[in-house]
Amino acid sequence: MKNYRYLILRRLTQITLMVLYIGANVWGWKMLRGNLSTSSILGTIPLSDPYAVIQIAVTGASLGMDILLGALIVTLFYGVIGGRAFCSWVCPINIITDTAAWLRRALKFSEVQKRFYMSRSLRYWILGLSLILSALMGVAAFELISPISMAHRGLIFGMGMGGGALVVIFLFDLLVHENGWCGYVCPLGATYSLIGKFSLIRVFHDAEKCTDCRSCITVCPEKEVLHMINRSSESVLMGECTNCGRCVDVCQEDALGFSIRSFTKQPKDEE
Amino acid sequence: MSTKTPNDRRRFLLSIARGIGLSAMGALVWSAYVGEVKAAPLVLRPPGALDEAEFIKNCIKCGLCVEACPYDTLILARPGDNLPIGTPFFTPRSVPCYMCTDIPCVPVCPSGALNEPSVSSYVKNKAVLDINKSRMGLAVVDESSCIAMWGIQCDACYRACPLLGEAITIETSKNERTGKHAFLKPVVHADVCTGCGMCEHACVTEIAAIHILPRALAMGKVGDHYIKGWDKADEKRLEGASIEVTKTKMSEKSALDSLNDEGGL
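Chains A and B are the protein sequences, given in the same order. First residue of the first sequence? That's 9 in the working numbering, and the numbers climb one at a time after it. First residue of the second sequence? That's 14 in the working numbering, and the numbers climb one at a time after it.
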């Protein structure tokens, strides 16, 4: 059970949020209305997707007070506390891509397949491109194709053909590239990587306890962030870390754990 | 000066160039899709919606208006509906807008895509929601399939209209074919019709003979060249009228001079 603590917590969070949204639409619950683009807690506190709001802003639209405030609240929450936690604790696509990655490992596809090269920075290019297109076309460009929005809207308001997009992402991650969507393509994840770069909650690695079993690197969807494993005791500081806690779950030696970011430059010198 | 070797610099510049090349490729496909999908001129929006171009700029696709609608009139466009995905719309033939007086769908809009002032009236300097000010579309009658136009008695649309006797009136004329009956023709008044679609929903023909079109499609625009000289309010438009003088080869000189100069006279 200990090996799945954070995984189970994450799934519970993701599913609870979706159930609250669906309950709001179907049975009129007041707790959390709307969807992940913009919601309203108890009809008073707004929450907005900062990336969607930026896209709307660059089209030249006059932004409503609620979405500005909502985006500010969300940005502050992830920027100060959560880091890129949206991706692993909230986003429903995460369940699909985690499943694909798990299946890919179980079936040992990566050992057989020649690596299909994609750059980790592809998502930042897509992020930039989406803003340019939004400005030129006068409509939030990524929001029109976002499979993330299709997924949560689909679950809450009816899927339509959106299920196809989810199957495509699953197959892409399973057959083309490990963690392809979340780790390379998704510009929303890229936005949260930038927002969460300086957040407080960080995974800390204690190199003294590490036995170099590499289990953490095997399960990590953003392997580059764990560059310090077995080398030095320090926090995982790269913004791409989703704080999913899988590495903490699988580590048998307690060499990894959540902690508050240390503000001294080189934590390893403190010891 | 720099520790970079020329090859490092080449590699860096080339990787940027590759990124730009790939982006341009992506932009080609992406923009074509976006351009197609936002060209949906027939879509009907909730009350208080901004003009279509502004509406799809502003709408954040949260569905709060859809959840607020007590009649399930509003639907968020799903993939496959061939409309801008995630934006709210309604199909009056299935479920029209029932014109709630408290307009629950509008004040919940967080982005301003549904504009509260446009559906508010001012009573003693206080803004009060007024659904009758909404302009979701305009009812248009197809005279060839409207059975009232045939002389069969039907006033379904007239009776269904929430602004009965104002948005749709009945115009009577003699049925010359029978010589003893009357035509009861429905006439829509664009200055009152809200486009709620209750007439389209009520229409008895197989495909509705009266249907709601977006106002931008259903209506023309007179422009500044014609004014109702007998209407004080319309004459006011003269004040803001634009003056545009076009000169062609023929109209360069006055008409008289132009004739006198003909043939070197």
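We put the CB at the ideal spot given by N, CA and C, even for glycine. Keep in mind the model is a prediction, meaning the values are calculated, not measured.
Requested in this report: Kindly indicate which residue of Thr-185/B, Thr-218/B and Val-201/B has the alpha-carbon position closest to the one of Val-154/B.
Outcome: Val-201/B
Query raised in the report: According to DSSP, which residues form a beta bridge with His-194/B?
Result: Asn-188/B
Report task. With DSSP collapsed to three states, give me the class of Val-266/B. Result -> What sits at residue 266/B in the sequence shown is Lys, not Val. Three-state DSSP puts Lys-266/B in coil, outside helix and strand.
Query - Inter-residue spacing [alpha-carbon to alpha-carbon] between Glu-189/B and Cys-113/B - result: 42 Å
Query raised in the report: Buried or exposed: which applies to Glu-278/A, given that a residue is buried once 16 or more other Cβ atoms fall within 10 Å of its Cβ?
Result: Residue placement at Glu-278/A cannot be trusted, given a pLDDT of 45 that sits under 50; the coordinates are not used to answer.
Query raised in the report: Which term fits Val-147/A, buried or exposed, when burial requires 16 or more other beta carbons within 10 angstroms of its beta carbon?
Result: buried
Query raised in the report: At least one CB of chain A closer than 8 Å to the CB of Arg-91/B: is that the case?
Result: yes
Requested in this report: Report, in whole angstroms, the separation of the C-beta atoms of Ala-173/A and Met-158/A, which I expect to be a contact under 8 Å.
Outcome: 5 Å
Query raised in the report: What's the C-alpha gap between Lys-276/A and Val-258/A?
Result: Unreliable positioning characterises Lys-276/A in this predicted model, as indicated by a pLDDT of 49, which lies under 50. The coordinate reading is nonetheless provided below. Straight-line Cα distance between these residues: approximately 23 Å.
Requested in this report: Please name the residue, chosen from Ser-45/A, Ile-30/A and Leu-44/A, that lies closest to Lys-38/A on a Cα-to-Cα basis.
Outcome: Ile-30/A
Report task. Return the CA-CA distance between Val-93/A and Gly-247/A, expressed in angstroms with no decimal places. Result -> Position check: residue 93/A holds Ala in this sequence, whereas Val was assumed. Approximately 10 Å, taken between the alpha carbons.
Query raised in the report: Looking at C-alpha atoms only, which residue of Gly-192/B, Met-162/B, Gly-210/B and Leu-63/B is the closest neighbour of Thr-86/B?
Result: Gly-210/B
Query raised in the report: Per DSSP, which one or two residues make a beta bridge with His-213/A?
Result: Glu-242/A and Leu-264/A
Query raised in the report: How would you label His-185/A, buried or exposed, when you count the other beta carbons within 10 angstroms and need 16 or more for buried?
Result: buried
Query raised in the report: Unbroken alpha helix (DSSP H) runs of length 4 or more, entirely within the region 166 to 241 of chain B: which are they?
Result: 169 to 173, 211 to 215 and 228 to 231
Query raised in the report: Residues of chain B with a CB under 7 Å from the CB of Leu-152/A: which are they?
Result: Val-47, Val-50, Pro-97 and Ile-98
Query raised in the report: According to the Cβ coordinates, are Pro-60/B and Ile-116/B closer than 8 Å?
Result: yes
Query - Nearest-angstrom Cβ-Cβ length linking Met-162/B and Lys-198/B, presumed shorter than 8 Å - result: 6 Å
Query raised in the report: So with Cβ pairs under 8 Å, would you call Lys-74/B a contact of chain D?
Result: Any reference to chain D falls outside this structure, whose protein chains are A and B.
Query raised in the report: Is Gly-78/A near Thr-46/A, with beta carbons less than 8 Å apart?
Result: yes
Query - is_contact[Lys-276/A, chain B] using C-beta, thresh 8 Å - result: With a pLDDT of 49 at Lys-276/A, under the threshold of 50, the predicted position of this residue should be treated as unreliable, though the coordinate-derived value follows. With 8 Å as the cut-off, Lys-276/A does not count as an interface residue toward chain B.
Requested in this report: Identify whether Leu-96/B lies in helix, strand or coil by the three-state DSSP scheme.
Outcome: coil
Query raised in the report: So is Asn-20/B in contact with chain A if we call contact Cβ pairs under 8 Å?
Result: no
Query raised in the report: Can the beta-carbon of Leu-63/B be found closer than 8 Å to that of Asn-145/B?
Result: no
Query raised in the report: For the region 73 to 102 of chain A, which residues have a beta carbon sitting closer than 7 Å to at least one beta carbon of chain B?
Result: Asp-74, Ile-75 and Gly-78
Query raised in the report: Would you call the region 36 to 46 of chain B and the region 9 to 22 of chain A in contact, with 3 or more CB pairs under 8 Å?
Result: no
Query raised in the report: Does any CB atom of chain A fall closer than 8 Å to the CB of Ile-116/B?
Result: no
**Report entry** Opening and closing residue of the beta strand (DSSP E) in which Ala-152/B lies
**Finding:** 151 to 154
Query raised in the report: So which of Arg-112/A, Cys-99/A and Ile-49/A has the shortest CA-CA distance to Leu-182/A?
Result: Arg-112/A
Query raised in the report: Ile-62/B touches chain A at which residues, Cβ-Cβ below 7 Å?
Result: Reading off the sequence, residue 62/B comes out as Ala, not Ile. Here the premise fails: no neighbours, minimum Cβ distance about 13 Å.
Query raised in the report: At a CB-CB cut-off below 8 Å, which residues of chain A make contact with Glu-67/B?
Result: Ala-69
**Report entry** For Phe-150/A, the nearest candidate out of Ile-64/A, Ile-23/A and Arg-41/A (CA to CA)
**Finding:** Ile-64/A
Query raised in the report: In or out: Asn-20/B buried (at least 16 other Cβ within 10 Å) or exposed?
Result: exposed
Query raised in the report: From what residue to what residue does the beta strand (DSSP E) around Thr-46/A run?
Result: 46 to 49
Query raised in the report: Expressed to the nearest angstrom, what Euclidean distance is found between the alpha-carbon atoms of Ile-29/B and Leu-135/A?
Result: 15 Å
Requested in this report: Would you please verify whether the beta carbon of Asp-94/B is less than 8 Å from any beta carbon of chain A?
Outcome: yes
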